[in-house]
Amino acid sequence: MIDKLDASLRFHQEALSLRGKRQEVLSANIAHADTPNFKARDFDFSSALTQAVDRGRQSQSLSMSATSSRHLSGSAHAGPAADLMYRTPNQSSLDGNTVEMDVERVNFADNAMRYEFNLTRLSQQIKGMLAAIQG
Amino acid sequence: MSLLNIFTVAASAMTAQSQRMNTTASNMANADSASGPDGLPYRARQVVFEMAPSGGQATGGVRVARVIEDQSPLRMVHDPQNPLANADGYVAMSNVNVVEEMVNMISASRSYQANVEVLNTARTLALKTLTIGQ
């Protein structure tokens, strides 16, 4: 039963976690707008999310070791892993920096909005679940 | 938690940019300095940024790697009355390019603002995350 609750919230958990990670990567890009030879990074959100959700359906990567037969078995999954890629710049710059402020700012704002959307959806789902439990 | 890492990254960028602006201020103030504490004409300083990797992660903050001195030739001004003038009546003045410094200052200020914006967004998101399920 608890497992089902966990599974129903799992998608949004993974999505929020990846959105948070992407937000961090994009903020680092904006921070490094003036660093020579810095290459802007990003990852493909949809493939990372698919991978995270699929990996959850398979066996977990981290499991607790049991030294006694009476130990409970437990498993946890490591945080979502995303393959960071390098952005292809539209315009090259002399100092080898590939951060384009407009692109980064648009992506940052977009990602922040989607993060809030995921938060709202998750909150609504929890509220619905609570209503079902409390009747 | 990645949202809290954003604070560190944006704060390091703001520190680096303010250091750059500090250097610019020093350059602008000394644009007409004919001699510094060492007796030599003032040379413009520039900061060099680099990435500070945090614990094997791909993303990290900004730090000032070093401060370099501009090696471009000094500005020679004809001023025979000046006690520092050489035999031909020329005084070696600092090599600060005021136009370049102004551009540098505007660029630093814009980058600083962008990072403040990032910080505000991250703060809003983190605060909203705390209200999940309420």
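Residue numbers (my numbering), protein chains in the order written: chain A, 6 to 140; chain B, 13 to 146.
Glycine residues also receive a C-beta, built at the ideal position from the N, C-alpha and C atoms.
Given the structure is predicted, the values throughout are model-derived calculations rather than measurements.
List the residues that DSSP assigns as beta-bridge partners of residue i.
| i | result |
| --- | --- |
| glycine 72/B | Pro65/B |
| aspartate 47/A | Met90/A |
| isoleucine 138/A | Isoleucine 138/A is not bridged to any residue. |
| histidine 37/A | Per DSSP, none; premise fails for histidine 37/A. |
| valine 59/B | Val79/B |
| methionine 88/B | Ala104/B |
Is the separation between the beta-carbon of residue i and that of residue j shorter than 8 Å?
| i | j | result |
| --- | --- | --- |
| serine 14/B | glycine 101/A | no |
| isoleucine 35/A | asparagine 109/B | no |
| alanine 104/B | alanine 46/B | yes |
| alanine 5/A | leucine 14/A | Because chain A here runs from 6 to 140, residue 5/A falls outside it and cannot be looked at. |
| asparagine 107/B | arginine 87/B | yes |
| alanine 120/B | glutamine 29/B | yes |
| leucine 54/A | alanine 20/A | yes |
Determine the chain A residues that contact residue i at a beta-carbon separation under 7 Å, and present them in chain order.
| i | result |
| --- | --- |
| asparagine 127/B | Ile35, Ala36 |
| glutamate 62/B | Thr40 |
| glycine 73/B | Ala36 |
| leucine 139/B | Under the 7 Å cutoff, chain A gives no residues; its nearest Cβ is about 11 Å from leucine 139/B. |
| alanine 217/B | Residue 217/B lies beyond the range of chain B shown here (13 to 146); nothing can be said about it. |
| serine 123/B | Ala38, Asp39 |
Taking the C-alpha atoms as reference points, what is the distance between residue i and residue j?
| i | j | result |
| --- | --- | --- |
| glutamine 69/B | arginine 27/A | 14 Å |
| tyrosine 1/A | phenylalanine 48/A | Residue 1/A lies beyond the residue range present for chain A, which begins at 6 and ends at 140; the question has no answer from this structure. |
| leucine 147/B | alanine 38/A | With chain B covering 13 to 146 only, the question about residue 147/B has no answer from this structure. |
| valine 104/A | lysine 44/A | 7 Å |
| serine 66/B | glycine 73/B | 8 Å |
| leucine 131/B | lysine 132/A | 30 Å |
| methionine 63/B | serine 97/A | 20 Å |
| asparagine 94/B | tyrosine 102/B | 9 Å |
| threonine 40/A | alanine 43/B | 26 Å |
| glutamine 65/A | methionine 33/B | Legend: pLDDT at glutamine 65/A = 45, less than 50; position of this residue unreliable, value from coordinates given subsequently. Looking at the two C-alpha atoms, the distance is approximately 50 Å. |
| leucine 77/A | methionine 69/A | 9 Å |
| leucine 124/A | methionine 118/A | 10 Å |
| leucine 142/B | arginine 126/A | 14 Å |
| leucine 10/A | valine 21/B | 35 Å |
| isoleucine 144/B | threonine 71/B | 27 Å |
| phenylalanine 61/B | threonine 35/B | 13 Å |
| asparagine 95/A | leucine 16/B | 30 Å |
| asparagine 42/A | leucine 99/A | 9 Å |
| aspartate 115/A | methionine 26/B | 23 Å |
| alanine 134/B | methionine 134/A | 28 Å |
| arginine 141/A | alanine 136/A | This structure leaves residue 141/A out entirely; chain A is present only between 6 and 140. |
| methionine 114/B | proline 49/B | 25 Å |
| serine 52/A | serine 24/B | 31 Å |
| isoleucine 18/B | valine 111/B | 34 Å |
Check the Cβ of residue i against every Cβ in chain A and list those closer than 8 Å, keeping chain order.
| i | result |
| --- | --- |
| valine 21/B | Glu29, Ser32, Ala33, Ala36 |
| leucine 142/B | Correct list: empty, because the minimum Cβ distance to chain A is about 10 Å. |
| asparagine 17/B | Glu29 |
| serine 24/B | Ala36 |
| proline 130/B | Residue identity check: residue 130/B is valine in the sequence provided, not proline. Result: Ser32, Ile35, Ala36, Phe113. |
| threonine 27/B | Ordered by position in chain A, no residue passes the 8 Å Cβ test against threonine 27/B, which lies about 10 Å from the chain. |
Using a C-beta to C-beta distance shorter than 9 Å, which residues of chain B count as neighbours of residue i?
| i | result |
| --- | --- |
| glutamate 121/A | Thr136, Leu137, Lys140 |
| alanine 20/A | Neighbours of alanine 20/A on chain B: none; closest Cβ ~13 Å, over 9 Å. |
| leucine 124/A | Leu137, Lys140, Thr141, Thr143, Ile144 |
Which residues in chain B have a C-beta closer than 7 Å to the C-beta of residue i? List them in chain order.
| i | result |
| --- | --- |
| leucine 127/A | Ile144 |
At 8 Å on the CB atoms, spell out the chain B contacts of residue i, in chain order.
| i | result |
| --- | --- |
| lysine 26/A | Ser14 |
| isoleucine 7/A | The premise fails here: isoleucine 7/A is roughly 16 Å from chain B at the closest Cβ pair, so nothing lies under 8 Å. |
Self-check item: Minimum length 3: unbroken beta strand (DSSP E) runs contained in the segment 96-143 of chain B
Solution: Fully enclosed beta strand (DSSP E) runs of 3 or longer: 102-105.
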